[in-house]
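Student:
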Amino acid sequence: MIRLKNEKQIDGIRRSCRMLSAMYRELIPLVKPGVETIELDRWTRDWIKKAGGLPAFLGYGSKANPYPAALCVSINREVIHGIPSKRRILAGDLVSLDCGIDLEGFISDQALTVEAGKVSEAARKLNITTRECLYKGIGAVKAGDRLLQIARAVYGHASAAGYGVVHEFCGHGVGFDLHEDPQVPNSPHGPNPRMTRGLVIAIEPMINLGTGDVNVLEDGWTVVTADDKLSAHWEHTVAVFQDHAEILTEDLWAGPGAT
Ligand code: MF3
Ligand code: CO
């Protein structure tokens, strides 16, 4: 069931999104060669706590295997849900960050891919194209149109560049919970409801240098490319109004020269 949001509720989600993007503005410069990914998680938890929010990812999922951190840090062949650890970031790594905040019951969700030090030309192009895919997808958001228009835009842009689109994981409704209906896929398959005023969704292309196939590691969370090639991930929380779409999270640049 899709839970539509009224203007007041969208205001609350917007505040949560602004907080999350403000956090990222300070976090991005810390993503540098030599840093342990668990240090980034600790920093994130502290920041969110001081700001008066709650980390929306911490404890999410099944009781048997709840997500153990506030931040996902997914490096190179890791697509999403990388668990922070003592692993150090190396120069040339493609580092995807994903985080959500619960602010007074309103949930935000945003992801981006940071280039640590100087990355390969192939990595840079993948990162830039994945970010473009996100904006192509957002460009297809329109009240009255069908949801899979988003997937067509994302898939078309990624395929034209010769990249694989991850189809096993999707964007999603967001705002009252982290994952709500509808699923927002990046390839045009599955349910295709109309977008309407009050719909709030997380659009999140996950794009691979090789094929779109992925596996989940034994930790039950980390999603990796099946061919071990690079992956990138960009995500915004977006609200649908009668005559326009609004990106609630802030536009951030994490590519060349960001750190
Ligand atoms: N943006 C991620 C997603 O939609 C956030 C989930 S991470 C989790 O899948 F740990 F909270 F599950
Ligand atoms: Co998400």
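Yeah, the sequence shown ends on 247 if you go by my numbering, and it's all consecutive. All C-beta atoms, glycine included, are put in the ideal place defined by N, C-alpha and C. Computed from a predicted structure; not experimentally measured.
1. What residue does the alpha helix (DSSP H) around residue 8 start on, and which one ends it?
2. On the three-state DSSP scale, how would you describe residue 158?
3. Using three-state DSSP, classify residue 180 as helix, strand or coil.
4. Leaving out the 5 sequence neighbours to the left and right, which residues in its chain are closer than 6 Å to residue 149 when beta-carbon positions are compared?
5. Here's the rule: buried if 16 or more other CB atoms are within 10 angstroms of the residue's CB, otherwise exposed. What is residue 64?
6. Taking only the alpha-carbon atoms, compute the straight-line gap between residue 156 and residue 212 and give it to the nearest angstrom.
7. Can you pull the DSSP bridge partners for residue 86?
8. For residue 173, collect the residues of the same chain with a Cβ closer than 6 Å to its Cβ; drop the 5 residues on either side in sequence, then sort them by chain order.
9. With a 10 Å radius around its C-beta and 16 neighbouring C-beta atoms as the bar for buried, classify residue 184 as buried or exposed.
10. Say yes only if the C-beta of residue 68 is nearer than 7 Å to one or more non-hydrogen atoms of the ligand MF3, and no if none qualify.
11. Closest to residue 104 by C-alpha separation, out of 89, 76, 128, 86, would be which residue?
12. For the ligand MF3, I want to know if residue 79 counts as a neighbour, meaning its beta carbon is within less than 7 Å of at least one of the ligand's heavy atoms.
13. With a threshold of 16 other CB atoms inside 10 Å of the CB of residue 209, please say whether the residue is buried or exposed.
14. Where residue 161 and residue 58 are concerned, what is the direct C-alpha to C-alpha distance, given to the nearest angstrom?
15. Taking 7 Å as the cut-off, is the beta-carbon of residue 192 closer than that to any non-hydrogen atom of the ligand MF3?
16. How long is the line joining the alpha carbons of residue 137 and residue 235, rounded to whole angstroms?
17. Residue 29 to residue 72, Cα distance in whole Å?
18. Exposed or buried, residue 43, counting other C-beta atoms within 10 Å across all chains shown (16 or more means buried)?
19. Where does residue 206 land, buried or exposed, given buried means 16+ other C-beta within 10 angstroms?
Tutor: Taking the coordinates as given:
1. -5 to 15
2. coil
3. coil
4. 117
5. buried
6. 11 Å
7. 60, 99
8. 139, 158
9. exposed
10. yes
11. 76
12. no
13. buried
14. 20 Å
15. yes
16. 17 Å
17. 6 Å
18. buried
19. exposed
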